[in-house]
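J.: Dropping a structure here in structure tokens format, bear with me for questions.
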DNA sequence: GACTTTCTAAAACAATCATTTTAATATTGT
DNA sequence: ACAATATTAAAATGATTGTTTTAGAAAGTC
């Protein structure tokens, strides 16, 4: 009964995600996405509803496809080593010449332009990462790798705040050289 | 010879700055600004050239009028007390319910949407603050308030990175309660 | 009061925006 | 082959974008 899709939903979503990531929601037009994906305008709207819906699916794609490896660092190694490796992966990304930040955090300062559902996805993304950090720090404490008097909850939000910092600070083209030392400084807090 | 301005340039600039601050460059239309300021469209373009020119003047206004007190903290007290007070003023701002971030940093993740001149102003703004922090930390070391083995340059960029973090992290409506403790944690690095 | 300059109101501009519609074409199950 | 369904290309929609123009009114200098 009827014809099948010719386009690949994930491919389209991947290319849309890249555009939003690079240019931001507001600066990316539906015409841009149609041009890049080659998908027809009508099919676009049939598949994703509207621009807000497409952006929300892009956020989900980003979390599942792009950020999954970073989440995995913390679930594979929920301990001090995992926390350090996680932060290092953020820093390594931010140092790159072509760094374009984080799709989520790039839009955190532009809440007014995106849907309420999208804002919630961004908040949830951050909360999920902070939760993983807290668990890892709690384990680190049990392992004896984190001093007993430290507060894992407070440290998790401190690190999450620093991650926001690195992601944003990394957008300054001329400040990248200082970031590796910042990484060391951030982690000093975890030591006695 | 000829009529004088009826509008006040600074008032207009102040209201335009508020709009850009709150909604972002891309989401703020010239029509928005004309409506809010009451100034005529033609006068607007005569006075500021175009939207990019207006935004650049808004950035300058923001730096001179809005951020001046924060700069003053570091020039009045270029020492450890100044650094702590500076960071505290950032944190106090971020905790507020109506917090809208920093006009500069809000657009750091949206470089693609603004003029090259505007991008440069944002980078200069950050570099200036980081410079003041470094001077203050160097003085703190001379005062004996900062351990001799610490590196003021590295610490200045660490704090500046954390400021970026607090400003962005503070946009999460549900994470504000954790920020005061983050302030304490950030400053731990300055102690032995 | 003539002259000059600058303001203002409002319309006009072409481009772009997100989105819908129209009409034709392709592919499937029966 | 037929009917059902999906995809497609392309035009049309109406709103909004940044910007310019036109025409006239207000306030200065001489």
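Chains as they are written, first to last, in the working numbering: chain A, 16 to 207; chain B, 16 to 207.
Heads up, the beta-carbon is just placed ideally off N, CA and C, and yes, glycines get one too.
(1) From which residue to which residue does the alpha helix (DSSP H) around residue 154 of chain B run?
(2) Rounded to the nearest angstrom, what separates residue 133 of chain A and residue 123 of chain B at their Cα positions?
(3) Please name the residue in B/194, B/140, B/152 and B/190 whose C-alpha comes closest to that of residue 169 of chain B.
(4) Quick one: measure Cβ to Cβ for residue 101 of chain A and residue 89 of chain A, integer angstroms, because I've assumed they're closer than 8 Å.
(5) Within the 7 Å Cβ cut-off, does residue 196 of chain B reach chain A?
(6) Does the contact criterion of 3 or more C-beta pairs under 8 Å hold for the segment 71-81 of chain B versus the segment 74-88 of chain A?
(7) Note down, in chain order, each residue of its chain lying with its Cβ closer than 7 Å to the Cβ of residue 92 of chain A, except the 5 sequence neighbours on either side.
(8) Compare the beta carbon distance of residue 31 of chain B and residue 69 of chain B with 7 Å and say whether it is the shorter of the two.
(9) Using DSSP with H/G/I as helix, E/B as strand and the rest coil, what is residue 58 of chain A?
(10) Using a Cβ-Cβ distance cut-off of 7 Å, determine whether residue 105 of chain A contacts chain B.
(11) At a Cβ threshold of 7 Å, is residue 128 of chain B touching chain A?
(12) At the 7 Å Cβ level, is residue 172 of chain B part of the contact set with chain A, yes or no?
(13) Just verifying my parser: in three-state terms, what is the DSSP assignment at residue 216 of chain A?
(14) Is the Cβ-Cβ distance between residue 37 of chain B and residue 115 of chain B less than 7 Å?
(15) Output the boundary residues of the alpha helix (DSSP H) element that contains residue 24 of chain B.
(16) Count the C-beta pairs between the segment 180-188 of chain A and the segment 156-166 of chain A that are closer than 8 Å, then say yes if the count reaches three, no if not.
(17) Quick one: which chain A residues come within Cβ less than 8 Å of residue 77 of chain B?
(18) Is the number of C-beta pairs between the segment 187-206 of chain B and the segment 133-147 of chain A that are closer than 8 Å three or more?
(19) Could you have a look at residue 206 of chain A and say whether DSSP puts it in helix, strand or coil?
(20) With residue 50 of chain A as the anchor, note down where its alpha helix (DSSP H) starts and where it stops.
(21) Give the single residue among A/203, A/172 and A/48 whose Cα lies nearest to the Cα of residue 162 of chain A.
(22) Which word fits residue 112 of chain B, buried or exposed, when buried means at least 16 other C-beta atoms lie within 10 angstroms of its C-beta?
(23) Using 7 Å as the threshold, is the C-beta distance between residue 175 of chain B and residue 145 of chain B below it?
(24) Between residue 139 of chain B and chain A, is the shortest Cβ-Cβ distance under 7 Å, so that the two count as touching?
(25) List, in order along the chain, the chain B residues whose C-beta lies closer than 8 Å to that of residue 186 of chain A?
(26) Taking the alpha carbon of residue 201 of chain B as the point to measure from, which residue in B/177, B/24 and B/193 has its own alpha carbon closest?
(27) Does any residue of chain B have a CB that is nearer than 7 Å to the CB of residue 169 of chain A?
(28) Quick check on the burial criterion: 16 or more other C-beta atoms within 10 angstroms. Buried or exposed for residue 41 of chain B?
(29) Just mark residue 33 of chain A as buried or exposed, buried being the case when its beta carbon has 16 or more other beta carbons within 10 Å.
(30) Since residue 103 of chain B and residue 198 of chain B should fall inside the 8 Å C-beta cutoff, what is the C-beta to C-beta distance between them, to a whole number of angstroms?
(31) Flag residue 81 of chain B as yes if its beta-carbon sits less than 7 Å from any beta-carbon of chain A, otherwise no.
(32) I'd like to know whether the C-beta atoms of residue 180 of chain B and residue 172 of chain A end up nearer to each other than 7 Å.
(33) With distances taken from CA atoms, which of A/43, A/57 and A/35 is nearest residue 22 of chain A?
T.: Taking the structure as given:
(1) 131-158
(2) 20 Å
(3) B/152
(4) 5 Å
(5) yes
(6) no
(7) 100
(8) yes
(9) helix
(10) no
(11) yes
(12) yes
(13) The requested residue 216 of chain A is not part of the displayed model; chain A covers only 16 to 207.
(14) yes
(15) 24-38
(16) no
(17) The premise fails here: residue 77 of chain B is roughly 15 Å from chain A at the closest Cβ pair, so nothing lies under 8 Å.
(18) yes
(19) coil
(20) 45-52
(21) A/203
(22) exposed
(23) yes
(24) no
(25) 123, 124 and 126
(26) B/177
(27) yes
(28) buried
(29) buried
(30) 7 Å
(31) no
(32) no
(33) A/57
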